[in-house]
Every structure is written in structure tokens, then in C-alpha cells.
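Residue numbers (my numbering): 145 to 611. Quick reminder that beta carbons are idealized off the backbone N, C-alpha and C, glycines included. For clarity, every value in this text was computed on a predicted model and none was experimentally measured.
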Ligand code: GLA
């Protein structure tokens, strides 16, 4: 993989809000790369996700993570009417008392489909040990979309488990269900979706993880990543007129070196409206070990035209009209505060303004505070190869902590980007404190290769405030 060092500045400004107990507000855009908060004010934890539209609502299923270990912590289910505001529904599949999805196991990439023949909901997942040495595709069933799902064990093909790791699913227009595996294997499910009838495609590639297929008209698009663990890479795609292939490799769908806009594919959701269909690319920006609080989502509209597929620019915030299917970037303005503005910002510890004109520190405990009057605050930082975690605490005018969060300022290429966005709060005087955690994300693969950050640098480029 070619590593290109570049700086991509994004100057979009926008407005997002969230429903919290004290005030019923709502997100009004999809904002990538920042922690999202659900209807209870908790971080949305649903990675390796999929979305199912059912009864007019969107249901999001994903990995429920902790901030301390990679062990299976269950699969979460959220629901939404608009794809911005997520209501926590359930732990659709909790950690089992014992067995292959019991304590100290791995469960990843849950994918749910409704079986047209039986009306049952089927959930498929990658099951493994924490050392990734016992992988197979498992499945679970439920009469209700939100669960609870009953874990049934391995999905069988000719009586045997499918012993592969990264997986996805695809439901075709005729109701047939398919399971996709890393490398490019495609299996057609039986009529009740509880076993495999046929292998329809054999792997075309080594790697090709996080497989996702969608169909537009009579063409199928097959997306996946290179094999770099939780480090981001330039994902690519194939097209074919049939799931049986032949699949033609078409190359990258984001500019080379952007590492899929700093994410890994998990799913593509077609949003078919009265005017058009927008294809929602869903990607993960992993952050081990703080996967629950600091791993984020990169959800972007795909540009699809014949065999060409792309995310031409990174759209920080955009809207989707689920009735018409139309997508539009958000362009409303906000007040901006530069990182040297002493009227609002007080630094403590060793902060330096570097040649890129951002204020940076890597000393654990260094912090800054921002005092503002308004309802929402956003922070832009320079995410970089030696970026680390920052702890954020937001206090209201009475000194009560209304929010605390952890953000990750790592990216393999330097990029000034939105790293934090508060929910919309009651308009008040607030103080936000951001401190250097002195930690960074990293991961050691089973091959022994280490990926992740090389330092603990935290930075501030600018601040946005909504009155
Ligand atoms: C890849 C896979 C993930 C997970 C990690 C673990 O990123 O796509 O699902 O298994 O590796 O390293």
C-alpha cells in the first residue's frame, strides 16, 4: 500500500444536535468521524454494522464494545426514522453464559436479514477466539427485529462450518440471501436462511476483508479492504453482472492515500426514495482499546455510475431525505474561534503552535479550557500519525459535568478534521476542558505486526460554536 502524506483541510460547517434528557433536540445531519450519542446520551456503539429497514424504520446492528478489551460484549441494536437520531433498542445478542459467544470470545460484524419465506430475523456474525484462531460464521434467530436473538452456533454448508473470519450479507431483489466472506467467497442461503445451499463464487483475492455487496439496476458492486487489522487502508471494489461473476476488479473508490477517508468498509445501504436512490457507504474508524468511546463512523454518500464507484470528497456533514432519497451537504455557518484566541481559550502545560498553525501538546495532563455561551461546540484538530487520545469534559454554568468523552487524534496521514462535536444542549455558559490522556490507539496482530499511533499528540486547530 502506498502511503501518501497529504493535508486535507475541510472547511464545511454545519449543525448537529442530539436528544438529551434536558432538552428534546435532534441531530439533523450525518456527521462522520465524531462520537455519536444515542437517545439516552450514551455513545452509539455499533461497529462492523449493518442497517435493515423494517416497518418504515431503520435498525442499526453492530458490535457493542468496551474500552478495555476486545472480548465479545454483545451486539447492539438501535433504531431511527431519519438515520441521524439513534434510539437504543437492545443488546440484541448478549454475551452467552458459556460457549462460542460466551465470556472471553470474539464476536464481530453482525449482519441481519429478514427471511422472506419464514418472516424470521436472522443474524450472522464472525465468531472467534480473542487470538483469532477459531473462526467460523455463526448465526442467531429472532421473531422480532430487536431481538433477543438466540445463538444457534455455526452456519453449516454440507454439514460443516464455514471457517473464515470477516463476513457480510447481501439480500437480492428476488429475496435470496447470501453470506459473503473475506477474499470474495459468496454462499447462497437455504430458503429458511439457516444453512448454506451453494457456493456461488470463489475467493478472487487474498485479504479483501470487510466484504460488502450492493446492487444497482443489474450490476453488483463488491467492496472490501486490504488486510491490515484495525489500521485503515485503501479499500477497493469489483463489479459483476452476476453474483457468480466473473468479477472485474475496478480499483479504489476513494482517492489513493486517503485510506478510504480513514475508514474500513462494513456495509452499503441503498436509500431508495421517490426521486432517487442514495447509496450510503458505512465505514468504521477503529480505535483500540477505546473502541466504545473513541472509535467512530464514516458514513458517506457513494457516487455510482455504471461500473464507476467513488466517494470523491469527504463530506463531514450531510443530510439524506429518506422520502426522496436525495443527499445534500450541510453548509450553515457557525462562529469560529482560532486556536490562539486568548479571549476564549486558556492553555495549561506545554502547548506549542507548530508550522501548520495548530496548537499541540503530548505531555500527559496538559490541557486547555474554552469558555463559551451557546448550545453546541465542535473541535477541529490535526489528526496525525503520532496522534493520541484526549479527554473532554463539558461543564455547565453551575459547574455540573454534562458530558465527558474520549476522542482519538490519530490518522496515518495528517488531516485537519472535526474530532469532537457536543450534542445540542440548553443554551448556557459552558466550560469545555480538553486534556492530553498520554495514551494512543495501537493493535498487535496475530502475526506480531503492530499498527496504530506512534505518539500521544493532541492538537487544536479551531473551535466552532453554535449560539
Ligand atoms: C480487521 C477486521 C475486523 C477485526 C480486526 C481485528 O480489521 O476487518 O473485523 O477482525 O481486523 O484485527
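| query | result |
| --- | --- |
| Minimum C-alpha distance to residue 398 - residue among 425, 392, 386 | 425 |
| beta-carbon residue 310 near ligand 1 non-hydrogen atom, thresh 7 Å | yes |
| Enclosing alpha helix (DSSP H) for residue 403 [first to last residue] | 403-406 |
| Residue 290 versus 540, 266, 313, 332, residue with shortest Cα-Cα distance | 266 |
| Where the beta strand (DSSP E) containing residue 221 begins and where it ends | 219-224 |
| Distance cut-off 7 Å: residue 587 Cβ against heavy atoms of ligand 1 | yes |
| Best match in 214, 195, 173 for proximity to residue 430 [C-alpha to C-alpha] | 214 |
| Where the beta strand (DSSP E) through residue 252 begins and ends | 249-258 |
| Residue from 186, 470, 454, 443 with nearest C-alpha to residue 460 | 443 |
| Boundaries of the beta strand (DSSP E) in which residue 575 is found, first to last residue | 572-580 |
| Local Cβ density within 10 Å of residue 385, reported as buried at 16 or more and exposed below that | exposed |
| Proximity of residue 275 and residue 590 at Cβ, strictly below 8 Å | yes |
| Whole runs of the alpha helix (DSSP H) within the stretch 328-410, excluding any shorter than 4 residues | 403-406 |
| Cβ pair residue 555, residue 406 closer than 8 Å | yes |
| C-alpha gap between residue 601 and residue 438, whole angstroms | 15 Å |
| Beta-carbon gap between residue 551 and residue 563 smaller than 8 Å | yes |
| CB contact flag (residue 331, residue 344, <8 Å) | yes |
| Contact check, residue 347 vs residue 329, beta carbons under 8 Å | yes |
| Alpha carbon of residue 282 to alpha carbon of residue 309, nearest angstrom | 10 Å |
| From 595, 608, 255, 416, residue whose alpha carbon lies closest to that of residue 568 | 608 |
| Proximity to residue 586 [Cα-Cα], best of 597, 593, 198, 271 | 597 |
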